[in-house]
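Trainee:
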Amino acid sequence: MPKFVFMPPQDDLKREFAARLSDTLPEYDVHSPETDEDAIRVIKDADAAMGWIPPDALDAASKIKWLHNPDAGPFFGYYYEDLCKHSLTITNPRGIYWDHISHHILMFILALSRGLPWYMDAKRARIWDKDARKTPYVFLGDATALINGVGGIGHETARLCQELGMRVIGIDPRQEYKIEGVEMHQPESLAELLPQADFVITTVPHTPETEFTFNKDTFSLMKKTSYFINIGRGMVCKLDDLAEAVEKGIIAGCGLDVYETEPLPSDHKLWGLDNVLMTPHIA
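Numbering (the working numbering), first residue to last: 90 to 372.
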């Protein structure tokens with residue numbers, strides 16, 4: 090009987106997946122260990138696992154042939170030397186989040202372009218204020234979106250931006266997707282392209298090459314009327330530098346779903362800044 094292990098930590102969704110897998114494929118022996126110690130014991134004779142296998146568990150997994158990473162972009166450190174050298178096959182759900190996350194980006198674009206954060210502040214204060222918006226309105230038909238990372242999410246976002254009449258500039262070292270009308274560039278061109286963008290959108294994973302790509306220097310190259318959106322990985326952006334850029338009017342605002350530190354500390358300056366939209370890594 091093939092043995093499948095859902096690696097800890099467990100949550101309601103993983104438990105639901107495990108139950109459905111057991112019901113659908115009763116010929117599989119499905120386990121959901123709650124602790125790392127239990128996982129090491131259970132994985133010893135497992136054929137497959139979902140989640141992350143830490144080094145000590147990998148040493149114990151003598152039969153493992155397949156590892157499924159539930160995230161399209163794994164966390165930094167997911168891949169380590171022994172895992173990369175192992176003969177097992179690693180898969181991920183790449184492609185299933187494209188539309189959901191692209192719609193989240195579009196939400197940020199529409200809300201920021203229309204000044205929604207300003208009007209929400211007025212609503213909370215119970216003030217009828219037609220002049221609540223303090224940043225210029227952005228007409229998307231004349232706007233430029235710069236997308237840093239034109240993979241699955243990025244290319245779907247590019248398509249949606251084009252549907253709104255936006256000019257789209259893409260940055261990606263691989264340029265896997267070809268979209269008519271999108272101007273594609275290599276990462277080395279980021280600095281010269283930033284001044285052209287009304288919306289700078291980053292979808293890239295966290296790697297040594299992308300860490301803190303967006304910092305004090307890059308924000309200084311953006312238009313004062315532009316917006317920064319990050320739904321990729323938090324470590325791509327230096328949050329203190331972003332907060333300073335918004336506070337000082339170097340850029341107009343931002344939309345964030347991922348953060349350098351998660352959860353974002355309650356005393357971080359971003360919580361109190363105007364024209365900042367934040368969601369807790371749920372895109």
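Where is the CB? At the ideal position from N, CA and C, for every residue including glycine.
(1) In whole angstroms, give me the CA-to-CA distance for residue 152 and residue 145.
(2) Kindly provide the ranges of any beta strand (DSSP E) runs that are 3 or more residues long and lie completely inside the region 268 to 304, ordered along the chain.
(3) Out of 307, 242, 245 and 285, which has the shortest C-alpha to C-alpha gap to residue 231?
(4) Is it the case that the Cβ atoms of residue 303 and residue 198 are separated by a distance below 7 Å?
(5) Residue ranges of each alpha helix (DSSP H) run of no fewer than 4 residues wholly in the region 195 to 242, ordered along the chain?
(6) Return the bridge partner residues of residue 319 from the DSSP annotation.
(7) Hey, would you say residue 323 sits closer than 7 Å to residue 293, going by beta carbons?
(8) Assuming the contact rule is C-beta atoms closer than 8 Å, residue 257 and residue 270 should be a hit. Round their C-beta distance to whole Å, please.
(9) Tell me residue 118's beta-bridge partners as DSSP assigns them.
(10) Does DSSP classify residue 314 as helix, strand or coil?
(11) Ends of the beta strand (DSSP E) at residue 156?
(12) Using alpha carbons as the reference points, say which of 280, 178, 277 and 291 lies closest to residue 234.
(13) Extract the residue ranges of the alpha helix (DSSP H) inside the region 107 to 193, only unbroken runs of 4 or more that lie entirely within it.
(14) Return the chain-ordered list of same chain residues with a C-beta closer than 6 Å to the C-beta of residue 326, the five sequence neighbours on each side being excluded.
(15) DSSP three-state call for residue 255: helix, strand or coil?
(16) What are the boundary residues of the beta strand (DSSP E) that residue 39 is part of?
(17) For residue 110 and residue 123, what's the separation of their Cα atoms in angstroms?
(18) Given this structure, state the Cα-to-Cα distance separating residue 246 from residue 353, to the nearest angstrom.
(19) I'd like to check one pair, residue 147 with residue 171: are the Cβ atoms closer than 7 Å?
Mentor: Once the coordinates are examined:
(1) Your numbering for residue 152 matches position 63 in the sequence shown. Your numbering for residue 145 matches position 56 in the sequence shown. Cα to Cα, the separation comes out at about 14 Å.
(2) Counting whole runs of 3 or more residues, the region 268 to 304 contains the beta strand (DSSP E) stretches 272 to 274 and 288 to 291.
(3) Start at 1 with the first residue of the sequence shown, and residue 231 comes out as number 142. Comparing Cα positions, the closest option is 285.
(4) Your numbering for residue 303 matches position 214 in the sequence shown. Your numbering for residue 198 matches position 109 in the sequence shown. Contact: no.
(5) You should have 205 to 213.
(6) As a working mapping, residue 319 is identified with position 230 in the sequence shown. Note: residue 319 sits in a beta bridge opposite 291 and 345.
(7) Position 234 of the sequence shown, counting from 1, holds the residue named residue 323. Position 204 of the sequence shown, counting from 1, holds the residue named residue 293. Contact flag unset, no.
(8) Taking the sequence shown and counting its residues from 1, the one referred to as residue 257 is at position 168. Taking the sequence shown and counting its residues from 1, the one referred to as residue 270 is at position 181. Indeed they touch by this definition, with Cβ atoms about 7 Å apart.
(9) Numbered from its first residue, the sequence shown carries residue 118 at position 29. 92.
(10) Your numbering for residue 314 matches position 225 in the sequence shown. DSSP places residue 314 in coil when its eight states are reduced to three.
(11) For this step, residue 156 is matched to residue 67 along the sequence shown. Looking at the DSSP string, the run of the beta strand (DSSP E) that includes residue 156 is 155 to 157.
(12) Your numbering for residue 234 matches position 145 in the sequence shown. With distances taken between Cα atoms, residue 234 lies closest to 291.
(13) 125 to 131, 144 to 149 and 170 to 174
(14) Sequence index remark: in the sequence shown, residue 326 carries index 237 (1-based). Correct list, in chain order: 303 and 319.
(15) On the sequence shown, residue 255 is found 166 positions in, with the first residue counted as 1. Residue 255 falls in the coil class under three-state DSSP.
(16) Because the chain spans 90 through 372 in this model, residue 39 falls outside it and cannot be assessed.
(17) Reading the sequence shown from its first residue, position 21 is the one you call residue 110. Reading the sequence shown from its first residue, position 34 is the one you call residue 123. In a straight line, the C-alpha of residue 110 is about 18 Å away from that of residue 123.
(18) Within the sequence shown, numbered from 1, the residue matching residue 246 stands at position 157. Within the sequence shown, numbered from 1, the residue matching residue 353 stands at position 264. Roughly 26 Å separates the two Cα atoms.
(19) Along the sequence shown, one-based indexing puts residue 171 at 82. Along the sequence shown, one-based indexing puts residue 147 at 58. Taking 7 Å as the cut-off, the Cβ atoms of residue 171 and residue 147 count as close.
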